[in-house]
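One structure is given here, and the rest of the page talks about it.
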Amino acid sequence: MTDVAAPAAPGHRNRVVEWVRSGLYLGQREVRLSLRTPAYLIPNLIMPIVFFLILIGSFSEFARAFNFNFKAFQLPVAVIFAVTGGSAGLNMVTDIESGYFDKLLLTPTSRLALLLGAMGADFMRIVLQGAFIVAIGVLVGTPIETGFAGAVALVAIASLWGLAYSAIGFAVALKTGNTQVVGTMWVFQFPFLFLAPTFAPKELLEGWLSTAATYNPMTYLLDGLRSLTMTGWDAGRLLIAVAIAVGFGAVTLSLAFRALQGRVR
Amino acid sequence: MSAIEATGLRKEFAGGVVAVQGLDLAIPEGQVFGFLGPNGAGKTTTVRMLTTLLRPTSGSARVAGFDLARDPHAIRRTIGVALQEAGLDGLATGRELLVLQARLYGLGGAAVARRAAEMLELVGLTDAADRRIKTYSGGMKRRLDLASALIHGPRILFLDEPTGGLDPASRHAIWDEVRHLNRDEGITVFLTTQYLEEADRLCQDVAIIDHGRIVAQGAPQALKASVGNDVITVDVGQDRMEEATRALSALHGVTDLRPDASGLTLFVTDGSAAVAEAIRLLDRARIPVGSVAVSHPTLDEVFLRATGSRLEGADRTPPDGEEAP
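Residue numbers (my numbering), protein chains in the order written: chain A, 26 to 290; chain B, 709 to 1033.
This is the structure we're talking about:
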């Protein structure tokens, strides 16, 4: 056996380099895992497309009576559906249950790199899923008022929201270490989506649903994204959408970091 | 310098379960040290504390000269750990797992692939290197786990029940590897086990743990010698145990006498002289003898002497579930 001296403890600058390197290696592993478990990925793509096609097939004519394009109205919903429905935290909780997470904790790798590497890889999945749905939307004739740059902005802002939402999956994975609990997390996107002007403009909502939509951040996120597909560049509406995604992310990432601290104690 | 030192190490879990109660250890460098005890005795909790996975409730420890509380990062660079359940990524291949492990320890460039190949060779998994780990047998997974614990050339190796659930051939292969690592590579090995034979054959020193406390510690030969020269085991049936204990209390040369589920165990200075006298005393008391055996003491008798029950068959796992994490 060749002698391998245990690597010396790195200095501060090298520690940062090592931290980034570890995060990249762990992210690379997450991508490999995702590619080897397509069963986690495929439903995330099929479900939003099916809903999108059914809804535009059912309500496009109806919406025309109200003088708006239902495809452009629904595309942001399909994108949000795709970026939030998913397998965030499932690989991590599988590692926790199998004991592999302990093996990773026993290496000198930064604990934060373990979380951020996994989240970085998940962010790539989210961006690709969002872009795929936009491409399908364009293929079926959905107009995007702000053009290609607007489509990119749509995917970027929706992906920020997706990243914020995925942090909940990681927080629950780290807190519970239970695959079944993490597997049910996608359900919690429905209150956000259904208590918002998802299928009809807010002006058409009545009673308690209208009130719920007023307080639901999803209303303003969708409003910003719809400005890209329906009306044109609107800095105010876009800034609000970005602020909502970032604010939500600040809360959910804090939860994930706290859960990580609890797990490695 | 001690490879591992612990003073008053204690772990109390939520709900007041005390898994480890004030442990003191001093393990010299270059030793194979056995931590022997039944399920639930506190072995795994101790390993998890010493390997930085679990924060002790109180007490202190130094591993490879580094303080457990102040410098866990340095400890992780210096130790290799194979936990009780081989925690592996079933979707990766053996080679991929070792390559990632090497990179996380800071190895880079061509050294990573070379080191992974060496480790696969060492544990005899070269042919299976590019198969997914989920297709490996239990023994292959243990060997790969051992390889991953050695990838960075650790000075101290923690093995938590490394042969649990393995067939005899795989068990002997692990024993040979532990001997090689200790003798030829100079690695200090901290090994937990509930197998007496494993502790006896592999370890230069043994600590016996029960209910979170060390009840005996020393070289296996010295521990066995401490309980007497010979052991007589008499089966008189559970209903006559008290009478038999009274009858045999008059026997000469008895250093201790312990009733347990398998019979009455007498620790004696001269087994061959005492056995005839023991049978005579039982016959005089009209107690029928099912069987009688004379043997040299084993670590099981050391455990019996210290705790009042035999190690084999003992289980200290709390009744409401698994051993504390």
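Idealized CB from N, CA, C, for every residue including glycine.
Quick check: the Cα distance between residue 710 of chain B and residue 772 of chain B, rounded to an integer number of angstroms?
Between residue 710 of chain B and residue 772 of chain B, the C-alpha separation is close to 7 Å.
Please say whether residue 151 of chain A and residue 108 of chain A have beta carbons closer to each other than 8 Å?
It is a contact, given that the beta carbons lie within the stated cut-off.
Report yes or no: is there a C-beta of chain B within less than 8 Å of the C-beta of residue 231 of chain A?
It does not: the Cβ of residue 231 of chain A has no partner Cβ on chain B nearer than 8 Å.
If we count the other Cβ atoms within 10 Å of its Cβ and call it buried at 16 or more, is residue 879 of chain B buried or exposed?
Buried, because 16 or more other Cβ atoms sit within 10 Å of the Cβ of residue 879 of chain B.
Return the residues of the stretch 83-113 of chain A that lie within a Cβ-Cβ distance of less than 9 Å from chain B, sorted by chain order.
Against chain B - using a Cβ distance shorter than 9 Å - the stretch 83-113 of chain A contributes no residues.
Cα separation between residue 245 of chain A and residue 269 of chain A?
Cα-Cα distance, rounded: 8 Å.
Strictly under 8 Å for the Cβ-Cβ distance: is residue 175 of chain A near chain B by that measure?
So no, residue 175 of chain A is outside the interface.
Looking only at its own chain, which residues have a Cβ that is under 8 Å from the Cβ of residue 988 of chain B, when we skip the five neighbours before and after it?
Result list for residue 988 of chain B: empty, nothing under 8 Å.
Quick check: the stretch 142-156 of chain A against the stretch 227-238 of chain A, are at least 3 beta-carbon pairs closer than 8 Å?
Cβ pair count under 8 Å is below three, so no.
To be precise: take each residue of the stretch 742-767 of chain B, compare its Cβ to all Cβ atoms of chain A, and keep it if any distance is under 9 Å. Which residues remain?
Residues passing the 9 Å Cβ filter: 756, 759, 760, 761, 762 and 763.
If we define contact as Cβ-Cβ less than 8 Å, is residue 208 of chain A a contact residue for chain B?
Not one chain B Cβ lies under 8 Å of residue 208 of chain A.
Give a yes or no on whether 8 Å exceeds the smallest Cβ distance from residue 929 of chain B to chain A.
So no, residue 929 of chain B is outside the interface.
Would you say residue 789 of chain B faces chain A, with C-beta separation under 8 Å as the test?
With 8 Å as the cut-off, residue 789 of chain B counts as an interface residue toward chain A.
Short check: CB of residue 196 of chain A to CB of residue 281 of chain A, under 8 Å?
Yes, these two residues count as a Cβ contact at 8 Å.
DSSP puts residue 925 of chain B in a beta bridge; with which residues?
Bridge partners of residue 925 of chain B: B:915.
For a contact meaning CB atoms closer than 7 Å, what does residue 793 of chain B contact in chain A?
Result: 124.
Looking only at its chain, what residues have a beta carbon closer than 8 Å to the beta carbon of residue 279 of chain A, apart from the 5 residues adjacent to it on each side?
Result list for residue 279 of chain A: empty, nothing under 8 Å.
Strictly below 7 Å CB to CB, what residues from chain B border residue 200 of chain A?
Simply none; closest approach about 14 Å.
Which complete alpha helix (DSSP H) runs does the stretch 78-154 of chain A hold, if anything under 4 residues is left out?
Taking only runs of at least 4 residues, the alpha helix (DSSP H) segments lying wholly in the stretch 78-154 of chain A are 95-109, 115-123 and 125-130.
Under 8 Å, with one C-beta from each stretch per pair, do the stretch 975-992 of chain B and the stretch 933-940 of chain B reach the 3-pair mark?
Segments in contact, yes.
Are the beta-carbon atoms belonging to residue 66 of chain A and residue 254 of chain A less than 8 Å from one another?
No. Outside cutoff.
DSSP three-state call for residue 49 of chain A: helix, strand or coil?
DSSP places residue 49 of chain A in helix when its eight states are reduced to three.
Looking only at its own chain, which residues have a Cβ that is under 8 Å from the Cβ of residue 810 of chain B, when we skip the five neighbours before and after it?
If we look at residue 810 of chain B and ignore the five residues flanking it on each side, its Cβ neighbours are 819, 820, 823, 824, 859 and 860.
From residue 967 of chain B to residue 904 of chain B, what distance separates their C-alpha atoms?
Cα-Cα distance, rounded: 20 Å.
If you compare alpha carbons, which of A:130, A:161 and A:190 is closest to residue 96 of chain A?
That would be A:161, whose Cα lies nearest to the Cα of residue 96 of chain A.
Span of the beta strand (DSSP E) holding residue 711 of chain B?
Its beta strand (DSSP E) spans residues 710-720.
Can you pull out the residues from the stretch 127-141 of chain A whose beta carbon lies closer than 8 Å to at least one beta carbon of chain B?
Cβ contacts with chain B: 127, 128, 129, 130, 131, 132, 133 and 134.
Check whether the stretch 742-757 of chain B and the stretch 903-919 of chain B are in contact - that is, three or more C-beta pairs closer than 8 Å.
The stretch 742-757 of chain B is in contact with the stretch 903-919 of chain B.
With burial defined as no fewer than 16 other Cβ atoms inside 10 Å of the residue's Cβ, what is the status of residue 1010 of chain B: buried or exposed?
Residue 1010 of chain B comes out buried.
Between the beta-carbon of residue 50 of chain A and the beta-carbon of residue 910 of chain B, is there less than 8 Å?
No, the pair does not count as a contact, with Cβ atoms beyond the cut-off.
Quick check on DSSP: helix, strand or coil for residue 822 of chain B?
Residue 822 of chain B: helix per DSSP, three-state reduction.
Which one or two residues does DSSP pair with residue 968 of chain B in a beta bridge?
Answer is B:971.
Taking Cβ to Cβ, would you say residue 131 of chain A is nearer than 8 Å to residue 807 of chain B?
Contact flag unset, no.
For residue 192 of chain A and residue 144 of chain A, which I take to be in contact (beta-carbon distance under 8 Å), what is that distance rounded to the nearest angstrom?
So it is a contact: roughly 7 Å between Cβ atoms.
With a 10 Å radius around its C-beta and 16 neighbouring C-beta atoms as the bar for buried, classify residue 763 of chain B as buried or exposed.
Exposed.
Report yes if the CB atom of residue 267 of chain A is closer than 8 Å to the CB atom of residue 140 of chain A, and no otherwise.
No, the Cβ-Cβ distance between residue 267 of chain A and residue 140 of chain A is not below 8 Å.
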